[in-house]
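>
Protein chains: 2
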Amino acid sequence: MANAKSAQACGCPVAAFQKMISGKYKLRIVWDLQDGPKRYSEIRTGLLRGSSGSAVIAPRVLSRELKALTEQGLIDRKDFGVVPPKVEYRLTRKGKSFVPVIAAIRNWGARHLAEANADQMVAAE
Amino acid sequence: MANAKSAQACGCPVAAFQKMISGKYKLRIVWDLQDGPKRYSEIRTGLLRGSSGSAVIAPRVLSRELKALTEQGLIDRKDFGVVPPKVEYRLTRKGKSFVPVIAAIRNWGARHLAEANADQMVAAE
DNA sequence: CGGTATCCTAGTAGATACTG
DNA sequence: CAGTATCTACTAGGATACCG
């Protein structure tokens, strides 16, 4: 794959979307941040609810995804500049506008993918 | 949080969704099939509209994605069993139910990702 | 606490050639 | 026409150690 701009300019938002959410935890991160700002370790811990095959998330991975989401303008990073470090991540307006899309995905997934165990409904979040 | 038996049943449809659409062309394929059945080469040609950096799609890749979508129950493969070969792919009911989700994605993407170049709007399909 | 620096593995996609 | 076989390049993700 050559270019980064080709996906956006091709008139196909789907490809751009695919690239935007490429990353194992990105959708979950945005979803988890809808309730308010969270710190780095809170996000990491939150992602372990129903962990997807791994017992712990490599910090390198989480760091990269958070950075990507920040550059894509979905989340905002707030460094308090104190010791010990305190950093909060929160949704931007763009990020908040994306939450309903994730809700649609979750809604569909709950109906078609989690037939046996719809423990927490979308509305119950 | 209720109990989770498997990765899919973890109350996180998002992860299952991510896995389901993992593949460069899956969303596009489903989207393109909403107008009716298409043959293998029609799908390939259709995917080249606004090609994402490549002039041609490796048959191996398209084949794998079609197979995966079939196994996931989103599309159905109909082999006419003639020579020369004729195979049609069409959406299943599950696949059709997924179209609105893609529409939501496209809609969001058109507003937030394709600000400069919204050549073909969602409604213009 | 919130990362970064390395190293490693596995999977995804592309190119190309070939087949029923 | 609709794929399969093979080989290669790239990258996402994981493990681990360490730093500001």
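One line per chain: the protein sequences are A and B, in this order.
According to UniProt numbering, the first sequence is numbered sequentially starting from 1.
According to UniProt numbering, the second sequence is numbered sequentially starting from 1.
The beta-carbon is built from N, C-alpha and C at its ideal position, and this holds for glycine as well.
In chain order, what residues of the same chain have a beta carbon less than 8 Å from the beta carbon of A:Leu62, not counting five sequence neighbours either side?
Taking the first sequence and counting its residues from 1, one reaches residue 62 of chain A at position 62. Hits under 8 Å: Tyr25, Tyr40, Ile43, Arg44, Leu47.
> Report yes if the CB atom of A:Lys38 is closer than 8 Å to the CB atom of A:Glu88, and no otherwise.
If you number the first sequence from 1, residue 38 of chain A lands on position 38. If you number the first sequence from 1, residue 88 of chain A lands on position 88. Contact flag set, yes.
> DSSP state of B:Lys38, grouped into three classes?
Residue mapping note: residue 38 of chain B aligns to position 38 of the second sequence, counting from 1. Strand, per DSSP.
> Can you name the start and end residues of the beta strand (DSSP E) that A:Ile21 belongs to?
Translated into the one-based positions of the first sequence, residue 21 of chain A becomes position 21. Element bounds for A:Ile21: n/a, residue is neither H nor E.
> Kindly say whether B:Gly36, judged by its beta-carbon, lies nearer than 8 Å to any beta-carbon of chain A.
Translated into the one-based positions of the second sequence, residue 36 of chain B becomes position 36. Residue contact check for B:Gly36 against chain A: no CB pair falls below 8 Å.
> Tell me the residue span of the alpha helix (DSSP H) that contains A:Val101.
Along the first sequence, read from residue 1 onward, the residue named residue 101 of chain A stands at position 101. Where A:Val101 is concerned, the enclosing alpha helix (DSSP H) stretches over 93-112.
> Hey, how far is the Cα of B:Leu33 from the Cα of B:Ala68?
For the purposes of this step, residue 33 of chain B is identified with residue 33 of the second sequence, where counting begins at 1. For the purposes of this step, residue 68 of chain B is identified with residue 68 of the second sequence, where counting begins at 1. Near 15 Å, if we compare the C-alpha coordinates of B:Ala68 and B:Leu33.
> At the 8 Å Cβ level, is B:Val56 part of the contact set with chain A, yes or no?
Working through the second sequence from its first residue, we reach residue 56 of chain B at position 56. Output row for B:Val56: interface = no.
> Quick check on B:Gly81: buried or exposed, where buried means 16 or more other Cβ atoms within 10 Å of its Cβ?
Within the second sequence, residue 81 of chain B is the residue found at index 81, counting from 1. It is exposed - the Cβ of B:Gly81 has fewer than 16 other Cβ atoms within 10 Å.
> In or out: B:Val14 buried (at least 16 other Cβ within 10 Å) or exposed?
Here the question's residue 14 of chain B lines up with position 14 in the second sequence. Looking at its Cβ environment, which holds 16 or more other Cβ atoms inside 10 Å, B:Val14 is buried.
> How would you list, in chain order, the residues of chain B whose beta-carbon sits under 9 Å from the beta-carbon of A:Ser97?
Residue numbering aside, residue 97 of chain A sits at position 97 when the first sequence is read from its first letter. Those are Trp108, Arg111, His112, listed as they occur along chain B.
> Where DSSP assigns a beta bridge to A:Ile75, which residues make up the other side?
Translated into the one-based positions of the first sequence, residue 75 of chain A becomes position 75. Answer is A:Leu91.
> Do the CB positions of A:Ala16 and B:Leu113 come within less than 8 Å of each other?
Residue numbering aside, residue 16 of chain A sits at position 16 when the first sequence is read from its first letter. Residue numbering aside, residue 113 of chain B sits at position 113 when the second sequence is read from its first letter. Yes, the pair counts as a contact, with Cβ atoms nearer than the cut-off.
> Checking 8 Å against the spacing of the C-beta atoms, do B:Arg90 and B:Asp76 come in under that value?
As a first step, residue 90 of chain B is located in the second sequence; it is residue number 90 there, counting from the start. As a first step, residue 76 of chain B is located in the second sequence; it is residue number 76 there, counting from the start. Yes; because the gap between Cβ atoms is below 8 Å, this pair is in contact.
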